[in-house]
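According to full-length UniProt numbering, the stretch in the sequence shown is residues 1 to 491, in order. As structure tokens, the structure follows; a few thoughts come after it.
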Amino acid sequence: MGAKKEILWKQRTKALWLKEGDRNTSFLHAKANKHRLRKEIKKTTNEQGVEVTDIKEIWQVILRYFQSIFASTNPTNEAIEVVLWTLEWWVTTTMNNTLVPPFTLEEIKLALKQMHPLKSSGPNGSFNPLMNFTHIVLIPKCTNPSEMSHFPPISLCNIVYKLTSKTIANRIKPFLDKLISNTQAVFVPGRLITDNILVAYELKHFLKHKNKGKKRYVSLKLDISKAYDRVEWSFLESVLNRLGFHPRFVSLIMTCVTTVSFSYLLNGKQFGFLKQERGLWQEDHLPAYLFLICTEAFSRMIRMAETKGRIEGIAVSRLVPIISHLLFADDTLVFCQATPEALSCIQGIILAFEKAWGLKINTHKLAKVFSRNVEEDSRMDLSNIVGVTVVPKHDKNLSLLMIAGRSKKELFEGIKDRIWRKLHSWLAKKLSQVGRVVLVKIVLQTTPIYAMSYFRLLDSFLSEIENTMANFFWHGGNESKIHWMAWTKLC
Numbered sequence: 001m002g003a004k005k006e007i008l009w010k011q012r013t014k015a016l017w018l019k020e021g022d023r024n025t026s027f028l029h030a031k032a033n034k035h036r037l038r039k040e041i042k043k044t045t046n047e048q049g050v051e052v053t054d055i056k057e058i059w060q061v062i063l064r065y066f067q068s069i070f071a072s073t074n075p076t077n078e079a080i081e082v083v084l085w086t087l088e089w090w091v092t093t094t095m096n097n098t099l100v101p102p103f104t105l106e107e108i109k110l111a112l113k114q115m116h117p118l119k120s121s122g123p124n125g126s127f128n129p130l131m132n133f134t135h136i137v138l139i140p141k142c143t144n145p146s147e148m149s150h151f152p153p154i155s156l157c158n159i160v161y162k163l164t165s166k167t168i169a170n171r172i173k174p175f176l177d178k179l180i181s182n183t184q185a186v187f188v189p190g191r192l193i194t195d196n197i198l199v200a201y202e203l204k205h206f207l208k209h210k211n212k213g214k215k216r217y218v219s220l221k222l223d224i225s226k227a228y229d230r231v232e233w234s235f236l237e238s239v240l241n242r243l244g245f246h247p248r249f250v251s252l253i254m255t256c257v258t259t260v261s262f263s264y265l266l267n268g269k270q271f272g273f274l275k276q277e278r279g280l281w282q283e284d285h286l287p288a289y290l291f292l293i294c295t296e297a298f299s300r301m302i303r304m305a306e307t308k309g310r311i312e313g314i315a316v317s318r319l320v321p322i323i324s325h326l327l328f329a330d331d332t333l334v335f336c337q338a339t340p341e342a343l344s345c346i347q348g349i350i351l352a353f354e355k356a357w358g359l360k361i362n363t364h365k366l367a368k369v370f371s372r373n374v375e376e377d378s379r380m381d382l383s384n385i386v387g388v389t390v391v392p393k394h395d396k397n398l399s400l401l402m403i404a405g406r407s408k409k410e411l412f413e414g415i416k417d418r419i420w421r422k423l424h425s426w427l428a429k430k431l432s433q434v435g436r437v438v439l440v441k442i443v444l445q446t447t448p449i450y451a452m453s454y455f456r457l458l459d460s461f462l463s464e465i466e467n468t469m470a471n472f473f474w475h476g477g478n479e480s481k482i483h484w485m486a487w488t489k490l491c
């Protein structure tokens with residue numbers, strides 16, 4: 001019974017890094033309670049911007065909000081065909097022969113082992129007669145959420161359905177590298193997201209220092225609002241058929257996608273019922289793979305515009321590839337010449353996808369960065385074509401500041417802040433010394449690795465981090481006290 005209670009509290013904490021160390025102690029209880037309080041929704045604003053605090057009124061606001069998102073726009077066949085005509089038959093007979101056979105027991109066992117044992121379960125935590133019935137829980141993505149856009153929906157699918165989805169995803173996974181263009185670096189096996197980030201930094205550096213020449217360039221950052229939730233099912237099915245997937249495999253995927261229904265969980269209580277008309281859930285690899293397949297149509301349209309000479313990407317020097325766009329799942333960077341014709345072409349592609357896909361671009365997150373040889377008057381005129389803000393640099397992309405300069409202090413400051421917050425939270429003080437070892441090794445020492453994969457961290461910065469971790473290990477804080485052994489020996 002004691003072991004079961006420990007597992008229960010460990011699951012409630014969502015401290016997935018904690019595999020060894022503290023048992024059923026005050027840390028687990030405090031972490032679980034903090035997680036519960038953070039998820040509580042006590043207020044929001046309705047469509048008129050009026051603050052709502054009554055629980056039943058909040059229910060109605062949530063239902064109306066997601067009914068509008070998950071309601072299909074019913075794209076016409078003509079609108080879909082405008083986007084799909086650039087796609088070619090890509091899936092071979094050999095691929096289809098691998099995709100369509102009955103699933104084996106070994107495949108199911110592999111998918112089961114890949115599922116995290118402490119993730120939140122769906123309705124009843126086990127098989128449900130309605131296998132694709134799902135709970136939607138709203139998790140705040142900011143400290144003080146005040147409107148519905150601050151609560152991204154998280155799908156808690158049934159266990160059997162998760163197993164089915166993961167088994168299908170495992171069959172698609174080996175072929176993604178051939179199906180998805182090399183401009184997309186996320187979720188594709190054998191590719192690293194850092195590759196695209198390195199290329200993006202080189203292009204930003206080029207834009208910052210290009211102060212002469214006839215050719216003028218611009219980078220455009222696109223951010224899709226509720227990208228997964230707005231995928232039209234008719235568009236997804238058309239893309240799968242156009243690429244050459246076997247009809248039986250397409251039918252299997254569409255059955256998984258279109259049979260979903262769900263209720264909401266608000267502060268632990270279930271309410272409402274909704275049949276989804278569009279959108280993909282976000283808690284598994286299969287929807288991520290399907291989303292990449294949909295975005296491939298966007299990539300092909302950009303390349304076709306290049307081929308026809310309507311847009312021209314950036315080549316930072318001779319004998320290097322010309323880069324017109326880079327994709328990071330639902331974030332996109334487009335690079336082209338700063339001309340009315342090129343920007344009008346990009347705008348036309350975006351509008352075509354809005355009609356076929358149902359996507360909606362976050363206009364408040366759209367931003368342009370011009371090369372230095374673009375005059376101020378020209379920048380304003382060109383910005384009016386797409387209607388976006390001109391900025392000196394893109395603010396954030398993939399958790400790092402998009403900076404191309406000599407000083408990297410601002411870039412690394414965010415890493416140090418994340419480490420500092422983890423160490424100085426009141427929860428960290430409840431850890432035993434063994435628990436502090438786990439936190440330092442599993443969480444803190446891995447935090448800078450992402451940046452280290454494409455930047456050389458400053459020696460002074462590394463020294464600051466090591467001193468902070470050493471003080472925390474020995475004394476649970478940042479006080480300078482006796483260290484009974486050298487940090488190099490401990491590591």
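Positions of the beta carbon are idealized from the N, C-alpha and C atoms, including for glycine.
One or two residues paired with Pro153 in a DSSP bridge: Within the DSSP bridge table, the entry for Pro153 names Leu138 as partners.
Can you tell me which of the three DSSP states Val437 falls into? It is helical.
Cβ contact check for the segment 347-367 and the segment 247-262: 3 or more pairs under 8 Å: Cβ pair count under 8 Å is below three, so no.
Using a Cβ-Cβ cutoff of less than 8 Å, which residues in the same chain neighbour Val82 once the five nearest sequence positions on both sides are dropped? Closer than 8 Å at the Cβ level, and outside the excluded window around Val82, lie Ala352, Lys355, Ala356.
Nonlocal neighbours in the same chain, by C-beta distance under 7 Å from Glu20, ignoring five residues either side: Here the model assigns Glu20 a pLDDT of 48, short of 50, so the residue's position is not dependable, and the following value carries that caveat. Around Glu20: Val438.
Compare the beta carbon distance of Val100 and Gly244 with 9 Å and say whether it is the shorter of the two. Not a contact, by the Cβ cut-off of 9 Å.
Is DSSP giving Gln48 helix, strand or coil here? Note: Gln48 maps to coil in three-state DSSP.
In or out: His209 buried (at least 16 other Cβ within 10 Å) or exposed? The residue is exposed, with fewer than 16 neighbouring Cβ atoms inside 10 Å.
At a cut of 8 Å, does the segment 43-51 reach the segment 143-157 through at least three beta carbon pairs? Yes, they touch.
When the Cβ atoms of the segment 279-297 are set against those of the segment 224-240, are three or more pairs found closer than 8 Å? The way I'd put it, the segment 279-297 does touch the segment 224-240; three or more beta-carbon pairs between them come closer than 8 Å.
Segments assigned alpha helix (DSSP H), at least 4 residues, entirely inside the segment 172-223: Within the segment 172-223, the complete alpha helix (DSSP H) runs of at least 4 residues are 176-179, 193-209.
What did DSSP end up calling Phe335 once you bin it into helix, strand or coil? Three-state result, Phe335: strand.
What's the C-alpha gap between Tyr454 and Thr98? Separation of Tyr454 and Thr98 (C-alpha to C-alpha, rounded to the nearest whole angstrom) is 37 Å.
Considering only the alpha carbon of each residue, which of Ala367, Leu292, Asn373, Arg372 lies closest to Ser383? Cα-wise, what sits closest to Ser383 is Ala367.
Of the residues Val369, Ser238, Pro340, which one's Cα is nearest the Cα of Leu203? The shortest C-alpha separation from Leu203 is found at Val369.
Counting C-beta neighbours from all protein chains within 10 Å, is the total for Asn77 16 or more, i.e. buried, or is it exposed? It counts as exposed.
Residue range of the unbroken alpha helix (DSSP H) whose run includes His475: Boundaries of the alpha helix (DSSP H) around His475: 459-475.
Residue nearest to Ala470 in terms of C-alpha spacing, selected from Phe461, Ser460, Trp487, Leu457: Nearest option by C-alpha distance: Trp487.
What are the residues that DSSP puts in a beta bridge with Ile442? None, per the DSSP bridge assignment.
Mind checking whether Thr104 and Gln184 have CB atoms under 9 Å apart? In this structure, the beta-carbon distance from Thr104 to Gln184 does not fall below 9 Å.
Return yes when the Cβ of Phe235 is within less than 9 Å of the Cβ of Ile136, no when it is not. Not closer than 9 Å, so no.
Terminal residues of the beta strand (DSSP E) in which residue 502 lies: As shown, the chain starts at 1 and ends at 491. That puts residue 502 outside it, with no answer to give.
State buried or exposed for Lys489, treating a residue as buried only when at least 16 other CB atoms are found within 10 Å of its CB. That one is exposed.
I need the straight-line Cα distance from Leu431 to Glu464, nearest angstrom please. Looking at the two C-alpha atoms, the distance is approximately 22 Å.
Using a Cβ-Cβ cut-off of 9 Å, state whether Pro287 counts as contacting chain D. In the structure shown, chain D does not exist; there is a single protein chain.
According to the neighbour-count rule (16 or more other Cβ atoms, all chains shown, within 10 Å of its Cβ), is Ser371 buried or exposed? With 16 or more other Cβ atoms within 10 Å, it is buried.
Nearest-angstrom Cα distance between Met115 and Asn362? Those two C-alpha atoms are separated by around 33 Å.
Contact check, Arg216 vs Asn74, beta carbons under 9 Å: Taking 9 Å as the Cβ cut-off, Arg216 and Asn74 do not qualify as a contacting pair.
Where Ser251 falls: helix, strand or coil (DSSP): Looking at Ser251 - three-state DSSP - the assignment turns out to be helix.
With 16 other Cβ atoms within 10 Å as the buried cut-off, status of Met485: Its Cβ having fewer than 16 others within 10 Å, Met485 is exposed.
DSSP beta-bridge partners of Ser261: Answer is Phe133, Lys275.
Can you say whether Pro129 is buried or exposed, counting buried as having 16 or more other CB atoms within 10 angstroms of its CB? Unreliable positioning characterises Pro129 in this predicted model, as indicated by a pLDDT of 43, which lies under 50. The coordinate reading is nonetheless provided below. Per the 10 Å Cβ criterion, exposed.
Contact set for Leu163: own chain, Cβ-Cβ below 8 Å, skip 5 residues either direction: Once the five neighbours on either side are set aside, the close Cβ partners of Leu163 are Ile108, Ala111, Leu112, Met115.
Report the three-state DSSP secondary structure of Leu280 (helix, strand or coil). DSSP places Leu280 in coil when its eight states are reduced to three.
For the candidate residues Lys166, Cys157, Ile322, whose alpha-carbon lies nearest to that of Glu106? Measuring from the Cα of Glu106, the nearest candidate turns out to be Lys166.
To the nearest angstrom, how far is the alpha carbon of Leu457 from that of Lys416? C-alpha of Leu457 to C-alpha of Lys416: approximately 12 Å in a straight line.
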